[in-house]
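Novice: Before I ask anything, let me first share the structure, which is written out below as structure tokens.
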Amino acid sequence: MCGIVGYLGTKPAAPVLLQGLKRLEYRGYDSAGIALLHRGALYAVKQKGKVGELERKIEEIEKGGATKRVGCAAAESRIGIGHTRWATHGAPSPQNAHPHLFGKFAIVHNGIIENFAALKESCLLRGEKFSSETDSEVIAHLLAQNDCGDLLQTLQKTAALLEGSFAIAVISLNAPDAIAVCRNKSPLIVGRGKEGLYAASDIPALASSADEIFPLSDGEFALLQGETIKFFDKTGEIDKKPLALSLRADLPNLCGFSHYMRKEMSEIPAAIASSLQKIEVDFRFSHFCEVLCQTEYLQIVACGTAYHSGIAAKYAVEALARIPVEVRVASEYRYCDPIVKKNTLAIAVSQSGETADTLAAAQLAKEKGAYLLAVTNAPYSSLTEIADFHLETGAGREIGVAATKSFNAQLAALYFLALSLAKAKGKAADFSALQTLPALSEEVLSDIEKIKQFAPVFAAAKSVYFIGRGADYCAALEGSLKLKEISYLPSEGYPAGELKHGTLALVEKGTPVVAIITQKKFAEKTMNAVCEVYARGGRVLLITSLAEYAARKEVEQSFLIPRCEELFSPILSVIPLQALAYYTALERGNDPDKPRNLAKSVTVE
Ligand code: M6R
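Count the sequence shown with numbering that gives the first Met the number 0 and you get residues 0 to 604, in order.
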């Protein structure tokens, strides 16, 4: 995680860097900082907390006037680098905030330097002093040690010593008009615009300033100098073509909502509709249907919410296409020497396409002979680069750290895939069931404010449980993740039938339990668990499409959703669960868009 930016050009650098950092805040917001080069000196300003706090600090420094040299640099410097941090090594603090300065160098880093302890030890033996507890600071020390007067070569020599993942941007007193950058297993792009050259972790940071964007691949370097960008790999200078993307349409806007999470929930119907549309086109004009005909096994790798969409896909694919599906948490899959049989289709699901564990698991599946399909919400990402085929979901940009519309979009894509697999295997496949989902999700949203009334009970709870069977179990898992992520309440999602095997011991008088019942064949079975909860004094909120169960005496509160093809019901039942998490977080005074300790894109292990 962490977001990095760099700028050199004709405008004052500080506001450009701050704007870029704000758009990368989804990658972490524990601290932020910028370093500027001005009149032969390096200056850094760092602050614990969000980029807005750094901005206020810089404004205060500037108000101090030109008498303060740093104030002057903040107002006038045309070259700098910046960082927004998600803490890995060292607590969130101004000392551990990037950029790190040493000698003639200032650096920002996204990733983890795995051999930093040994490297730091050798620096300490040389008598060098460190001012932070981070792994990253060692990069600045190594640059100083390898300083050959040429910025690019110095970075190349330094990068050769590093193990782990890194996207690095460096400025140096040796080259007052240059920024050198490099990438290994952490995303990095550079851009060119009318007013300068840019580097950043992700496209949104450059969306309103760069006209051309060039992604770097692992092992590549770029030197931004004056008005030119040069690219290098281990063979020397290389040519690069800019991405064919429209860069201006994608700026964040709350559109009157108080939080991105709530706004993004309101976009669920459009996200589903647009995902189905895109995927239909992708299927129609590709060889992918032939791959499906040959597919005998499915392995799905993903993390967090995307993992839950994989579980929903398992229920749908196994029921419709009768193909065995293994769903694995990517961080487990990558280290467990997975068995990949002939004719396996591996599906890596990732909103961002940049999650480090998912990328590594996907790469491994491919190396072991699987055909690799990426399902992402990004037109370009590290995952799409390595995939054999890519399905882009149509959720549009998602800013809230808690995934909402991107989950519904993933489900739409994966259900389409399940039906396509069924068709390829000569089984019944009613695609029309998908076409009703945008309107049905709209119907759920039209009632969603009712969920607000339940928030006080949940906000006051010690812990919360979510239960369901089959596809409803997937919704339970996602509802629980959403709640814990933004309300900070301990919570578990459980298969309803499993409750009595241990977790029921935690249910006491007043414990809120959310039951999800949308599948007729499981309804009575899940109700057994509801009765067990009720008998112990638990308070049940039922999310159901089967109105008759809402009237049962064991159900204290209920929220009705419309009926749809039962296998696909998580796409609707998750919406009230997202809302429950949102209103509970607000009730507890939390910022649902930026939950503590988390970041949207997890590009480290
Ligand atoms: O970008 P990805 O879909 O690969 O991200 C995976 C998880 O980090 C992500 O879904 C996370 O669990 C969300 N914050 C949950 O709301």
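Ideal Cβ positions, reconstructed from N, Cα and C, are used throughout, including at glycine.
Quick check: Tyr464 and Glu491, are their CB atoms within less than 8 Å of each other?
Specialist: As a working note, residue 464 is residue 465 in the sequence shown. As a working note, residue 491 is residue 492 in the sequence shown. Cβ atoms of Tyr464 and Glu491: closer than 8 Å.
Novice: Consult DSSP for Arg261 and reduce its assignment to one of helix, strand or coil.
Specialist: The sequence position of residue 261 within the sequence shown is 262, counting from 1. DSSP places Arg261 within a helical segment (H, G or I) once states are collapsed to three.
Novice: Would you say the beta carbon of Lys635 is closer than 7 Å to some non-hydrogen atom of the ligand M6R?
Specialist: Residue 635 is absent from the structure shown; the chain starts at 0 and stops at 604.
Novice: Would you mind working out which of Ile560, Gln577, Ala369, Gly255 sits nearest Asp446, comparing C-alpha positions?
Specialist: Here residue 446 refers to the residue found at position 447 of the sequence shown. Closest by alpha carbon: Ile560.
Novice: Can you give me the Cβ contacts of Asn342 inside the same chain, cut-off strictly under 8 Å, excluding the 5 residues immediately before and after it?
Specialist: The residue you call residue 342 lines up with position 343 of the sequence shown. Beyond the five residues adjoining it in sequence on each side, Asn342 comes within less than 8 Å, by CB distance, of Gln293, Thr294, Glu295, Tyr296 in the same chain, given in chain order.
Novice: Just checking my contact of Gly79 with Leu142 at CB under 8 Å: how many whole Å lie between their CB atoms?
Specialist: For this step, residue 79 is matched to residue 80 along the sequence shown. For this step, residue 142 is matched to residue 143 along the sequence shown. For Gly79 against Leu142, the beta-carbon gap comes to about 17 Å, at or over 8 Å, which does not count as contact.
Novice: Could you have a look at Phe115 and say whether DSSP puts it in helix, strand or coil?
Specialist: Working through the sequence shown from its first residue, we reach residue 115 at position 116. Looking at Phe115 - three-state DSSP - the assignment turns out to be helix.
Novice: Give me the DSSP bridge partner(s) of His97.
Specialist: In the sequence shown, residue 97 corresponds to position 98, counting from 1. In DSSP, His97 forms no bridge with anything.
Novice: Could you name the residues of the same chain whose beta carbon sits closer than 7 Å to that of Leu100, not counting the 5 residues immediately before and after it, in chain order?
Specialist: Along the sequence shown, read from residue 1 onward, the residue named residue 100 stands at position 101. For Leu100, where only same-chain residues beyond five positions count, the Cβ hits under 7 Å are Ala34, Leu41, Ala43, Ala139.
Novice: Taking only three categories from DSSP, how would you classify Ser600?
Specialist: Translated into positions along the sequence shown, residue 600 becomes position 601. Here Ser600 sits in coil by DSSP.
Novice: Classify Ile338: buried if its beta carbon has 16 or more other beta carbons within 10 angstroms, exposed otherwise.
Specialist: In the sequence shown, the residue the question calls residue 338 occupies position 339. By the 10 Å Cβ count, Ile338 comes out exposed.
Novice: In this structure, how does DSSP classify Thr153 when only helix, strand and coil are distinguished?
Specialist: In the sequence shown, counting from the first residue as 1, residue 153 sits at position 154. Note: Thr153 maps to helix in three-state DSSP.
Novice: Apply the 10 Å Cβ neighbour rule to Ala369 and answer buried if 16 or more other Cβ atoms are within range, or exposed otherwise.
Specialist: For the purposes of this step, residue 369 is taken as residue 370 along the sequence shown, with counting starting at 1. Answer is buried; the Cβ neighbour count reaches 16.
Novice: For a test of the three-state rule: what should DSSP assign to Lys233, helix, strand or coil?
Specialist: As a first step, residue 233 is located in the sequence shown; it is residue number 234 there, counting from the start. For Lys233, the secondary structure class from DSSP, reduced to helix, strand or coil, is coil.
Novice: Just how far apart, CA to CA, sit Gln409 and His389?
Specialist: In the sequence shown, the residue the question calls residue 409 occupies position 410. In the sequence shown, the residue the question calls residue 389 occupies position 390. Cα to Cα, the separation comes out at about 13 Å.
Novice: Within its chain, find whatever has a CB closer than 7 Å to the CB of Gly148; leave out the 5 residues flanking it on each side and keep chain order.
Specialist: In the sequence shown, the residue the question calls residue 148 occupies position 149. Cβ neighbours of Gly148 beyond the five flanking positions: Asn173.
Novice: Any contact between the stretch 19-36 and the stretch 45-57? By contact I mean 3 or more CB pairs, one from each, below 8 Å.
Specialist: Yes: at least three Cβ pairs fall under 8 Å.
Novice: Check whether the Cβ of Ala305 lies closer than 7 Å to any heavy atom of the ligand M6R, and answer yes or no.
Specialist: Counting from 1 along the sequence shown, the entry for residue 305 is found at position 306. Yes, the Cβ of Ala305 comes within 7 Å of a heavy atom of the ligand M6R.
Novice: Does the stretch 451-467 come within contact of the stretch 494-512, defined as at least 3 CB pairs closer than 8 Å?
Specialist: yes
Novice: How would you write the range of the beta strand (DSSP E) that Phe220 sits in, first residue to last?
Specialist: The sequence position of residue 220 within the sequence shown is 221, counting from 1. Taken as a continuous stretch (DSSP letters only), the beta strand (DSSP E) holding Phe220 covers 220-224.
Novice: I need the DSSP call for Ile574, collapsed to helix, strand or coil.
Specialist: Residue mapping note: residue 574 aligns to position 575 of the sequence shown, counting from 1. Looking at Ile574 - three-state DSSP - the assignment turns out to be helix.
Novice: Let me check one thing: in DSSP terms, what residues is Ser557 bridge-paired to?
Specialist: Position 558 of the sequence shown, counted from the first residue, corresponds to residue 557. DSSP lists Leu541 as partners of Ser557.
Novice: Tell me the rounded alpha-carbon separation between Leu416 and Ser171.
Specialist: Indexing the sequence shown from 1 puts residue 416 at position 417. Indexing the sequence shown from 1 puts residue 171 at position 172. Rounded to whole angstroms, the separation of the alpha carbons of Ser171 and Leu416 is 50 Å.
Novice: Quick one: is Pro268 buried, meaning 16 or more other Cβ sit within 10 Å of its Cβ, or exposed?
Specialist: By one-based count along the sequence shown, residue 268 stands at place 269. By the C-beta density criterion, Pro268 is buried, having at least 16 other C-beta atoms within 10 angstroms.
Novice: How is Arg321 classed by DSSP in three states: helix, strand or coil?
Specialist: Against the sequence shown, residue 321 aligns to sequence position 322. Correct three-state label for Arg321: coil.
Novice: Pick helix, strand or coil for Glu211, following the three-state DSSP scheme.
Specialist: Numbered from its first residue, the sequence shown carries residue 211 at position 212. Correct three-state label for Glu211: strand.
Novice: CB of Lys262 to nearest heavy atom of the ligand M6R: below 7 Å?
Specialist: Counting from 1 along the sequence shown, the entry for residue 262 is found at position 263. No, Cβ of Lys262 sits at least 7 Å from all heavy atoms of the ligand M6R.
Novice: Thinking C-alpha only, which one of Ile570, Leu488, His108 is nearest Ala166?
Specialist: Numbered from 1 along the sequence shown, position 167 holds the residue referred to as residue 166. It is His108.
Novice: Tell me which same chain residues have a C-beta within less than 7 Å of the C-beta of Ser185, skipping the five on either side of it?
Specialist: Residue 185 sits at position 186 when you count from the first residue of the sequence shown. Correct list, in chain order: Asn109, Gly110, Ser164, Phe165, Ala166, Thr602.
Novice: Which one of Tyr6, Asp232, Leu124, Ala312 has the shortest CA to CA distance from Gly192?
Specialist: For the purposes of this step, residue 192 is taken as the residue at position 193 of the sequence shown. Minimum Cα distance to Gly192 is reached at Tyr6.
Novice: I'd like to confirm something about Ser544: is its beta-carbon nearer than 7 Å to some heavy atom of the ligand M6R, or not?
Specialist: Taking the first residue of the sequence shown as 1, we reach residue 544 at position 545. Every heavy atom of the ligand M6R is 7 Å or more from the Cβ of Ser544, so no.
Novice: Just the Cα atoms here: how many angstroms apart are Ala65 and Pro594?
Specialist: Taking the first residue of the sequence shown as position 1, residue 65 is located at position 66. Taking the first residue of the sequence shown as position 1, residue 594 is located at position 595. Confidence in Ala65 is poor, its pLDDT being 49 and thus under 50, which makes the residue's placement unreliable; the coordinate value appears in the next sentence. Each residue's Cα considered, the two are about 38 Å apart.
Novice: Which ranges does the alpha helix (DSSP H) cover as unbroken runs of at least 4 residues, wholly within the stretch 267-293, from first to last along the chain?
Specialist: 267-283, 287-293
Novice: So what's Gly51 in DSSP terms, helix, strand or just coil?
Specialist: Residue numbering aside, residue 51 sits at position 52 when the sequence shown is read from its first letter. In this structure, Gly51 counts as helix in the three-state DSSP scheme.
Novice: Assuming Gly212 and Leu205 form a contact by the criterion Cβ under 8 Å, report the distance between their Cβ atoms to the nearest whole angstrom.
Specialist: The residue labelled residue 212 in the question sits at position 213 within the sequence shown. The residue labelled residue 205 in the question sits at position 206 within the sequence shown. For clarity, residue 212 is Ile in the given sequence; the question names Gly instead. Yes, Ile212 and Leu205 are in contact; Cβ-Cβ is about 6 Å, under 8 Å.
Novice: Using DSSP with H/G/I as helix, E/B as strand and the rest coil, what is Ala432?
Specialist: Residue numbering aside, residue 432 sits at position 433 when the sequence shown is read from its first letter. Ala432: helix per DSSP, three-state reduction.
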